[in-house]
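As structure tokens, the structure follows; a few thoughts come after it.
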Amino acid sequence: MRPDPGLVSPNARRGYLAPMTTHERLRVVGAETSPSHRLPSPRAPSDGDPGSRIRWKSPDAVVVEVTGEVDLCTVAGLAAVLDEHVRARPGVLRVDLGQVRFLGAAGIRVLLRAHRHAEAAGVHLVVDPGRSRAAVRALELLDRLEGRPPVS
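Under UniProt numbering, the sequence shown has 23 at position 23, and the numbering climbs by one with no breaks.
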């Protein structure tokens, strides 16, 4: 049985299997590019791997689109992306979870931490669950635990 090629590091030596690192699994597209003032055409992840990409970046606003599963294996990369953009202090940092298939406790912790850091930096953080049932359920549970009515 051959392993899923999406889980084997391209840096593995021929004949040896090495699991992908979190950095390799999280494809952060656009983080190294200069700010753009127009929306690029949306594109779906080609292989379904979890990741995040910058969908919109300007001095005033950044939209980070998160895809796949947000769990213990993938949160380090997401946390790094969110921290980087909070430090840049845009007016608004929007986290689009519309393409998320799973949002685990580790992902919620990263979002809460990003919210605290954004608040301290004067950045308005918006977490948008979009049409992701997984994100909506996780955020509704969080609201109930904090005593807020669920979002309709």
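All residues carry an ideal CB built from backbone N, CA and C; glycine is no exception.
Please look up how many angstroms separate the CB atoms of residue i and residue j, rounded, as I've assumed it's under 8 angstroms.
{"i": "residue 138", "j": "residue 94", "result": "That belief does not hold up - the Cβ atoms of residue 138 and residue 94 are roughly 17 angstroms apart, past 8 angstroms."}
{"i": "residue 82", "j": "residue 114", "result": "4 angstroms"}
On the DSSP bridge assignment, give the partners of residue i in chain order.
{"i": "residue 61", "result": "92"}
{"i": "residue 68", "result": "100"}
{"i": "residue 126", "result": "94"}
Among residues of its own chain, excluding the 5 on either side of residue i, which ones have a beta-carbon nearer than 6 angstroms to its beta-carbon?
{"i": "residue 135", "result": "97, 100, 103, 129"}
{"i": "residue 85", "result": "62, 93"}
{"i": "residue 124", "result": "92"}
{"i": "residue 110", "result": "75, 78, 79"}
{"i": "residue 38", "result": "In this prediction, residue 38 has a pLDDT of 34, which is less than 50 and means its spatial position is unreliable; what the coordinates show is noted afterwards. So the list is empty, once near-sequence residues are dropped."}
What does a CB cutoff of less than 7 angstroms around residue i pick up in its chain, not counting 5 residues either side in sequence?
{"i": "residue 71", "result": "102, 104, 106, 107"}
In its own chain, which residues sit with a C-beta less than 8 angstroms from the C-beta of residue i, not counting the 5 before and 5 after it?
{"i": "residue 126", "result": "92, 93, 94, 95"}
{"i": "residue 132", "result": "97, 98, 99, 100, 101, 103"}
{"i": "residue 157", "result": "Residue 157 cannot be examined here, being either before or after the span of the chain that is shown, 1 to 152."}
Report yes or no: do three or more beta-carbon pairs, one from the region 66-78 and one from the region 115-123, lie closer than 8 angstroms? no
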